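Visitor:
Rendered as structure tokens:
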């Protein structure tokens, strides 16, 4: 037999102390820009009033924050679903990648494009990219 004693605190046969449970998170999750993440597409939005609130919050976020994580083009495009309109990416760089892959890549040089948010025509792909950076703060 071994001389290991089991304490009343629940230590195992190895004599190790039990692991302490992690403390609960102190605050609701927040994005790096300080905004609350509860209004993004991952939250539970069920009623029409909640959709209106989520869409309003998405519009304010896109319009007002220094480094947006919501896509202005997806929000303003008439064919976008509500889920796509309120979606927020984890980081501004992820939004930039989305914008490049979904909104710039299909444009051919010399082909005009349309900014659905500002409702203006842009002549070239580079004009769209510059407009997104200067006006909408989306860096690709």
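In the numbering used here, the protein residues as written are 258 to 397. Ideal Cβ positions, reconstructed from N, Cα and C, are used throughout, including at glycine. On a predicted model such as this, the values are computed, not experimentally measured, just so you know.
Among residues of its own chain, excluding the 5 on either side of residue 360, which ones have a beta-carbon nearer than 7 Å to its beta-carbon?
Guide: Here the question's residue 360 lines up with position 103 in the chain shown. The answer, listed in chain order, is 330.
Visitor: Is the beta carbon of residue 306 within less than 6 Å of some heavy atom of the ligand COA?
Guide: For the ligand COA, the structure offers nothing, since it holds no ligand at all.
Visitor: Determine the extent of the beta strand (DSSP E) in which residue 372 is found, giving its start and end residues.
Guide: Residue mapping note: residue 372 aligns to position 115 of the chain shown, counting from 1. Looking at the DSSP string, the run of the beta strand (DSSP E) that includes residue 372 is 370-372.
Visitor: Going by beta carbon distance, what residues of the same chain come within less than 6 Å of residue 333, once the five residues before and after it are set aside?
Guide: As a first step, residue 333 must be located in the chain shown, where it is residue number 76. Hits under 6 Å: 373 and 374.
Visitor: Using the Cα positions of residue 369 and residue 307, report the straight-line distance between them to the nearest angstrom.
Guide: On the chain shown, position 112 is the one that residue 369 refers to. On the chain shown, position 50 is the one that residue 307 refers to. So the two alpha carbons sit approximately 36 Å from each other.
Visitor: Taking its Cβ as the centre, do 16 or more other Cβ atoms sit within 10 Å of residue 318, making it buried, or is it exposed?
Guide: Taking the first residue of the chain shown as 1, we reach residue 318 at position 61. Residue 318 comes out buried.
Visitor: Below 8 Å on the Cβ atoms is my guess for residue 326 versus residue 341; work out the distance and round it to an integer in Å.
Guide: Locating residue 326 in the chain shown gives position 69, counting from the first residue. Locating residue 341 in the chain shown gives position 84, counting from the first residue. Residue 326 to residue 341, Cβ: 14 Å. No contact.
Visitor: Would you tell me roughly how many angstroms separate the C-alpha atoms of residue 298 and residue 335, rounded to the nearest one?
Guide: Mapped onto the chain shown, residue 298 falls at position 41. Mapped onto the chain shown, residue 335 falls at position 78. Note that residue 298 has pLDDT 46, beneath the 50 cutoff, so the model's placement of it is unreliable and no number is given.
Visitor: Quick one: what's got a C-beta closer than 6 Å to residue 393's C-beta in the same chain, skipping five residues either side?
Guide: Sequence index remark: in the chain shown, residue 393 carries index 136 (1-based). Answer for residue 393: 329, listed in chain order.
Visitor: Keeping to the same chain, check which residues put their C-beta closer than 6 Å to that of residue 357; ignore five residues upstream and five downstream.
Guide: As a position in the chain shown, residue 357 is number 100, starting the count at 1. Correct list, in chain order: 397.
Visitor: Count the other CB atoms, across all protein chains shown, that sit within 10 Å of the CB of residue 305; report buried if there are 16 or more and exposed otherwise.
Guide: In the chain shown, the residue the question calls residue 305 occupies position 48. With fewer than 16 Cβ atoms within 10 Å of its Cβ, residue 305 is classed as exposed.
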